[in-house]
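Reviewing the structure listed below.
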Amino acid sequence: MNKIKAQNIWKKFNKLEVLKGIDLEVNEGEVVAVIGPSGGGKSTLLRCLNKLETIDRGTVVIDGEELCHETSAGTEYVNKNDIRRIACKMGMVFQQFNLFPHMTVLENLIEAPVNVQKRDKAEVIKEAEILLSKVGLSDKRDEYPRKLSGGQQQRVAIARALAMKPAIMLFDEPTSSLDPELTGEVLKAMRELAEEKMTMVVVTHEMGFAKEVATKVVFMADGRVQEQGTPAEIFGNPKNERLKAFLNVILK
Amino acid sequence: MDYVFKIVPQMLDGCFVSFQVFLITIVLSIPLGILLSLGRVSGSQILQKIIGFYVWIMRGTPLMLQIFFVYFVLPSVGIRLPDFESALVAFVLNYAAYFCEIFRSGIQAIPKGQYEAAHTLGMNYLQTMRRIILPQVIRIILPPISNETITLVKDTSLVYVLAMNDLMRTARNLVQRDFNITPFIVAAVFYLIATLILTVLFERLEKHFSRYEQ
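The structure is reproduced here in structure tokens:
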């Protein structure tokens with residue numbers, strides 16, 4: 001079953017066309033790595049899936065529910081409450097972590113499950129503690145984010161997203177603002193998540209991750225999907241000229 | 253010293269008037285300022301313009317002029333308020349404009365990523381503001397709020413223009429009656445004590461609200 005189905009997505013910022021008719025399908029349990037040069041529209045595409053950006057034209061269906069559908073005028077979104085409900089089916093991990101600095105690690109995790117999903121607090125805390133131990137941060141439960149390293153903050157951000165029990169996880173360059181020695185711990189947490197068959201879309205510059213963990217790789221440049229396929233196809237037998245040039249530069 | 257003890261009860265009466273003006277102004281102008289600031293950062297261009305104009309008028313003219321305006325000009329359009337209420341209306345409207353600007357700057361200092369994280373966690377506007385944005389804004393705005401509050405302590409003396417017997421006017425009356433400047437010194441001490449209390453209070457608040465920054 002399709003977890004994400006995006007069709008003919010167009011998006012422009014002022015005069016600049018960033019997405020020019022993108023199609024993306026993600027099946028349950030798939031790990032999709034989106035790669036490509038900076039400014040190619042990768043992050044924008046991800047942000048359009050949960051309406052952090054509003055698209056100009058196209059259809060987005062998340063977990064069987066329509067977020068917006070293409071019309072002759074461009075696109076029509078569902079109502080605000082449904083947008084919110086659909087958007088939080090997807091956990092999102094940002095490049096800048098975006099933890100809530102005034103809350104402890106545990107408070108960051110339980111805030112939305114308790115106050116948005118209205119779940120039982122004691123139960124949520126129990127689950128949050130399990131999630132923290134999974135990302136190896138049980139001992140940081142009562143620390144404020146400021147006290148943590150970048151890698152630790154990003155692992156908390158992953159746990160916070162998972163606490164919502166999302167159907168899909170979106171990662172927007174999750175290791176790009178980390179020191180090189182800290183990327184490993186975050187990639188490890190993501191790898192474990194992939195092994196549990198979480199459906200994931202990962203915008204990344206980590207070619208190792210795309211090669212080893214992804215089940216599908218999407219190469220984007222100039223606002224278009226230039227080529228997509230299995231890691232073996234993309235890295236072993238690239239056909240698109242832009243992709244060949246990109247791999248030449250990045251794998252040297 | 254005997255003279256000081258003799259005038260203290262009268263001066264305390266004056267303090268009480270000043271304190272009332274201070275407290276009511278704070279209690280009303282801060283929430284009004286928050287509301288105005290939310291309008292000022294909202295998506296509505298018209299609302300932004302109107303509030304911007306309001307802030308310009310309120311910050312661009314002397315508070316004393318505004319007090320006169322409420323007291324002398326509004327009655328000509330049928331709004332007639334007693335002395336105390338007139339002064340309060342002017343104070344609240346004036347201070348709300350300043351608080352609006354303080355809150356606006358605080359809200360705009362919060363990174364966009366905080367709103368985005370809240371969105372991806374399914375929070376609506378009210379939840380985002382109340383749980384995520386405003387608690388962080390408080391830490392940022394406490395120093396300017398403290399400033400403004402201390403200014404207000406001294407601005408309360410402006411009510412003397414409406415012949416209200418606040419601390420300042422009481423002191424001046426005593427000086428003129430007794431040909432002795434001691435009441436001015438006593439008044440200065442009272443203002444200083446009030447300011448000291450506020451300084452300590454705000455220091456504590458700042459410490460409390462920045463505990464996550466340590």
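So the protein sequences, as listed, match chains A and B. With the numbering used here applied, the first sequence corresponds to residues 1 to 252, in that order. With the numbering used here applied, the second sequence corresponds to residues 253 to 466, in that order. By construction, the Cβ of each residue, glycine as well, lies at the ideal position given by its N, Cα and C atoms.
{"Item": "Proximity test, Cβ basis, 9 Å: B/Pro-395 and chain A", "Value": "no"}
{"Item": "Counterpart residues of B/Glu-337 in DSSP-defined beta bridges", "Value": "Paired residues: none, contrary to the question."}
{"Item": "Contact check, A/Ala-159 vs A/Ala-128, beta carbons under 9 Å", "Value": "yes"}
{"Item": "Cβ-based neighbour list, A/Gly-36, same chain, cut-off 7 Å, excluding 5 preceding and 5 following", "Value": "Lys-42, Phe-219, Met-220, Ala-221, Phe-246"}
{"Item": "Segment limits, alpha helix (DSSP H) that includes A/Asn-115", "Value": "105-115"}
{"Item": "Burial state of B/Asp-265, where buried means 16 or more other Cβ atoms lie within 10 Å", "Value": "exposed"}
{"Item": "Chain B within 9 Å of A/Glu-212, Cβ atoms only", "Value": "no"}
{"Item": "Inter-residue spacing [alpha-carbon to alpha-carbon] between B/Ile-359 and B/Ile-385", "Value": "7 Å"}
{"Item": "Cβ pair A/Thr-75, A/Arg-47 closer than 9 Å", "Value": "no"}
{"Item": "Cβ-Cβ separation, A/Leu-131 to A/Ala-163 (assumed contact under 8 Å), whole Å", "Value": "6 Å"}
{"Item": "Beta carbon proximity, A/Lys-140 to chain B, threshold 9 Å", "Value": "no"}
{"Item": "Residues near A/Gln-152 by beta carbon distance below 7 Å, same chain, minus five either side", "Value": "Leu-137, Lys-140"}
{"Item": "Distance, A/Ala-73 Cα to A/Lys-15 Cα", "Value": "18 Å"}
{"Item": "Length of the line joining the Cα atoms of B/Pro-334 and B/Val-325", "Value": "13 Å"}
{"Item": "Whole-number beta carbon distance between B/Phe-436 and B/Ala-423, since they are thought to touch under 8 Å", "Value": "6 Å"}
{"Item": "CB-CB length for A/Phe-94 against A/Asp-172, believed under 8 Å", "Value": "5 Å"}
{"Item": "Closer than 8 Å: A/Thr-104 CB and nearest the ligand GTP heavy atom", "Value": "The ligand GTP is not among the ligands present in this structure, which contains no ligands whatsoever."}
{"Item": "Own chain residues within Cβ distance below 7 Å of B/Ile-259, not counting five before or after", "Value": "Leu-426, Pro-435, Val-438"}
{"Item": "Touching by the beta-carbon criterion (3+ pairs, under 8 Å), the stretch 340-351 of chain B and the stretch 82-94 of chain A", "Value": "no"}
{"Item": "Own chain partners of B/Arg-332 with C-beta closer than 8 Å, once the 5 adjacent residues on each side are dropped", "Value": "Leu-326"}
{"Item": "Same chain, Cβ closer than 6 Å to B/Val-344, five either side skipped, listed in chain order", "Value": "Thr-277, Leu-280, Ser-281"}
{"Item": "Own chain, CB closer than 6 Å to B/Met-370, minus 5 neighbours either side, in chain order", "Value": "Going by the sequence as given, residue 370 of chain B is Ala instead of Met. The residues are Thr-380, Ile-384."}
{"Item": "The stretch 104-124 of chain A / the stretch 402-422 of chain B touching (three or more Cβ pairs under 8 Å)", "Value": "no"}
{"Item": "C-alpha gap between A/Glu-39 and A/Val-18, whole angstroms", "Value": "Reading off the sequence shown, one finds Gly at residue 39 of chain A, where the question assumed Glu. About 8 Å."}
{"Item": "Contact set between B/His-371 and chain A, taken where Cβ atoms lie within less than 7 Å", "Value": "Leu-52, Ala-87"}
{"Item": "Nearest candidate by alpha-carbon position, reference A/Leu-178, set A/Arg-155, A/Ala-210, A/Leu-170", "Value": "A/Arg-155"}
{"Item": "Where the alpha helix (DSSP H) through A/Ala-33 begins and ends", "Value": "Not the alpha helix (DSSP H): A/Ala-33 falls in the beta strand (DSSP E), residues 31-35."}
{"Item": "Members of the stretch 114-142 of chain A near chain B, C-beta cut-off 9 Å", "Value": "Asn-115, Val-116, Gln-117"}
{"Item": "Residues in the stretch 384-413 of chain B having any Cβ partner in chain A nearer than 8 Å", "Value": "Ile-384, Pro-387, Gln-388, Arg-391"}
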